[in-house]
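Q: Numbering (full-length UniProt numbering), first residue to last: 1 to 268.
Here it is, the structure, as structure tokens.
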Ligand code: C2E
Ligand code: MG
Ligand code: MG
């Protein structure tokens with residue numbers, strides 16, 4: 001326990017110099033539209049090029065950043081970097097969308113609205129092409145505050161997605177209360193679709209509910225064609241997962257899209 005504590009304390013110290021040291025990088029995981037059979041955007045996922053430990057995934061530092069408050073600075077950097085990149089993509093494809101994860105502390109920081117508003121103007125983005133991902137548990141932390149902020153962001157036209165849907169409090173109240181535009185079905189339901197009847201029923205019910213409420217839906221963690229076929233048949237709009245691609249660095253992501261649009265290029 002002591003070792004773990006010391007390690008966390010070291011990570012926390014290192015985090016403070018990571019932004020100024022340009023050690024963070026956004027990777028992009030493609031989002032596939034199952035009706036149009038095209039890629040319609042990406043989720044930005046942070047990676048940390050730690051000078052001693054190599055590439056670190058968010059699981060090893062986001063919680064520490066959240067507890068220590070550094071997450072606000074990291075979150076601002078992520079939003080800015082994602083919007084700058086989205087602007088570049090939109091030179092070629094005006095409808096590209098960008099999903100950005102927002103942590104609870106960042107969400108309730110008091111300046112998220114202002115920041116998003118300024119970024120939309122600076123990078124001339126259509127608001128609906130930016131989608132903020134928040135988890136259920138985060139929203140339920142301070143329902144009154146969350147309701148106001150969600151309404152403001154929705155009025156701005158920005159998309160709001162519930163991440164890891166089905167794993168938090170799963171209170172249906174927020175579907176009524178918050179102007180949610182999208183749900184992301186947690187990959188724990190998707191991963192055992194082919195073996196668990198319960199998961200199939202739960203996923204079918206979520207799809208039916210989202211369609212009835214006119215909320216867009218993405219399945220996370222799609223790894224097999226069987227999972228994709230089930231989701232598409234039930235009317236799930238979008239999918240994301242290793243079946244298509246893991247999160248990629250920007251040049252590889254651009255290359256991935258190019259090849260997906262022009263499959264003949266693969267032969268050469
Ligand atoms: P998330 O937002 O639910 O992101 C999806 C995670 O699932 C990503 O892990 C992604 O690489 C992984 N994944 C995607 N497809 C598959 C698949 O087919 N199979 C499996 N097994 N996994 C798949 P990653 O990048 O390690 O991110 C973990 C979590 O860290 C994210 O979960 C998100 O909550 C958080 N996170 C990532 N980037 C940021 C960020 O910029 N800010 C904040 N606040 N949180 C972030
Ligand atoms: Mg996410
Ligand atoms: Mg998720």
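Built from N, CA and C at the ideal position, the CB exists for glycine as well.
Could you pull the start and end residues of the beta strand (DSSP E) that residue 164 belongs to?
A: Counting from one through the chain shown, the residue named residue 164 turns up at place 164. Start and end: 159-165.
Q: Verify the contact flag: residue 163, CB atom, against every heavy atom of ligand 2, threshold strictly below 7 angstroms.
A: Against the chain shown, residue 163 aligns to sequence position 163. The answer is yes for residue 163.
Q: Considering only the beta carbon of each residue, do residue 152 and residue 100 sit closer than 8 angstroms?
A: To locate residue 152, count along the chain shown from 1; it is residue 152. To locate residue 100, count along the chain shown from 1; it is residue 100. Not a contact, by the Cβ cut-off of 8 angstroms.
Q: Quick check on the DSSP output: the beta strand (DSSP E) that includes residue 218 runs from which residue to which?
A: The residue you call residue 218 lines up with position 218 of the chain shown. That run of the beta strand (DSSP E) goes 216-219.
Q: Note down, in chain order, each residue of its chain lying with its Cβ closer than 8 angstroms to the Cβ of residue 166, except the 5 sequence neighbours on either side.
A: Within the chain shown, numbered from 1, the residue matching residue 166 stands at position 166. Counting only Cβ-Cβ distances below 8 angstroms, and skipping sequence neighbours, we find 185, 186, 188, 189, 202 and 206.
Q: Using the beta-carbon count (16 or more within 10 Å), is residue 241 buried or exposed?
A: What you label residue 241 is simply residue 241 of the chain shown in a count that begins at 1. When all chains shown are included, residue 241 counts as buried.
Q: Could you check the C-alpha separation between residue 97 and residue 75 for me, to the nearest Å?
A: For this step, residue 97 is matched to residue 97 along the chain shown. For this step, residue 75 is matched to residue 75 along the chain shown. Their backbone Cα atoms lie some 18 angstroms apart in a straight line.
Q: Exposed or buried, what is residue 106 when buried is set at 16 or more other beta-carbons lying within 10 Å of its beta-carbon?
A: Numbered from its first residue, the chain shown carries residue 106 at position 106. It counts as buried.
Q: Which of the three DSSP states, helix, strand or coil, is assigned to residue 33?
A: Residue mapping note: residue 33 aligns to position 33 of the chain shown, counting from 1. It is a strand residue.
Q: State the DSSP-derived secondary structure class of residue 172, mapped to helix, strand or coil.
A: Within the chain shown, residue 172 is the residue found at index 172, counting from 1. Here residue 172 sits in coil by DSSP.
Q: What span of residues does the beta strand (DSSP E) with residue 195 cover, start to end?
A: In the chain shown, residue 195 corresponds to position 195, counting from 1. From DSSP, residue 195 is part of no beta strand (DSSP E); its letter is neither H nor E.
Q: If we count Cβ pairs, one from each stretch, closer than 8 angstroms, do we get three or more for the region 248-265 versus the region 54-66?
A: The region 248-265, when compared against the region 54-66, does not touch it at the 8 angstroms Cβ threshold.
Q: If I follow the unbroken beta strand (DSSP E) through residue 224, where does it start and stop?
A: In the chain shown, residue 224 corresponds to position 224, counting from 1. Taken as a continuous stretch (DSSP letters only), residue 224 belongs to no beta strand (DSSP E), as it is neither H nor E.
Q: For residue 210, collect the residues of the same chain with a Cβ closer than 6 angstroms to its Cβ; drop the 5 residues on either side in sequence, then sort them by chain order.
A: In the chain shown, counting from the first residue as 1, residue 210 sits at position 210. Same-chain partners within the cutoff: 183 and 217.
Q: I want to know whether the region 227-239 touches the region 190-200 - three or more CB-CB distances under 8 angstroms.
A: The answer is yes - the region 190-200 touches the region 227-239, with three or more Cβ pairs under 8 angstroms.
Q: Identify, in the order they occur along the chain, each residue of the same chain with its Cβ nearer than 7 angstroms to the Cβ of residue 82, setting aside the five sequence neighbours on each side.
A: Position 82 of the chain shown, counting from 1, holds the residue named residue 82. Contacts found: 26, 44, 98 and 100.
Q: Any chance the CB of residue 138 is under 7 angstroms from a heavy atom of ligand 1?
A: Looking up residue 138 in the chain shown gives position 138. No, the beta carbon of residue 138 sits no closer than 7 angstroms to any heavy atom of ligand 1.
Q: If you run the structure through DSSP and keep just helix, strand and coil, what is residue 1?
A: For the purposes of this step, residue 1 is taken as residue 1 along the chain shown, with counting starting at 1. Three-state DSSP puts residue 1 in coil, outside helix and strand.
Q: Cβ-heavy atom distance between residue 198 and ligand 2 below 7 angstroms?
A: Within the chain shown, the letter at position 198 stands for residue 198. No, ligand 2 has no heavy atom inside 7 angstroms of this Cβ.
Q: On a CA-only basis, which of 173, 140, 120 and 177 is nearest residue 158? Give me that one, please.
A: Along the chain shown, read from residue 1 onward, the residue named residue 158 stands at position 158. It is 120.
Q: Are residue 79 and residue 23 closer than 8 angstroms when you measure CB to CB?
A: Residue mapping note: residue 79 aligns to position 79 of the chain shown, counting from 1. Residue mapping note: residue 23 aligns to position 23 of the chain shown, counting from 1. The answer is no: Cβ separation not under 8 angstroms.
Q: Since I believe residue 55 is in contact with residue 16 (beta carbons under 8 angstroms), could you give me their beta-carbon distance rounded to a whole number of angstroms?
A: Looking up residue 16 in the chain shown gives position 16. Looking up residue 55 in the chain shown gives position 55. Not really, about 19 angstroms apart at Cβ, beyond 8 angstroms.
Q: Have a look at 245, 246, 243 and 219 and flag the residue whose alpha-carbon is nearest the alpha-carbon of residue 233.
A: Position 233 of the chain shown, counting from 1, holds the residue named residue 233. Of 245, 246, 243 and 219, the residue nearest in Cα terms is 219.
Q: Within 7 angstroms: the Cβ of residue 184 and any heavy atom of ligand 3?
A: Position 184 of the chain shown, counted from the first residue, corresponds to residue 184. Under cutoff, so the answer is yes.
Q: Starting from residue 119 and walking both ways along the alpha helix (DSSP H), at which residues does that stretch end?
A: Reading the chain shown from its first residue, position 119 is the one you call residue 119. Run containing residue 119: 112-122, per the alpha helix (DSSP H) assignment.
Q: Within its chain, find whatever has a CB closer than 6 angstroms to the CB of residue 32; leave out the 5 residues flanking it on each side and keep chain order.
A: As a first step, residue 32 is located in the chain shown; it is residue number 32 there, counting from the start. Taken in chain order, the residues that qualify are 39, 239 and 244.
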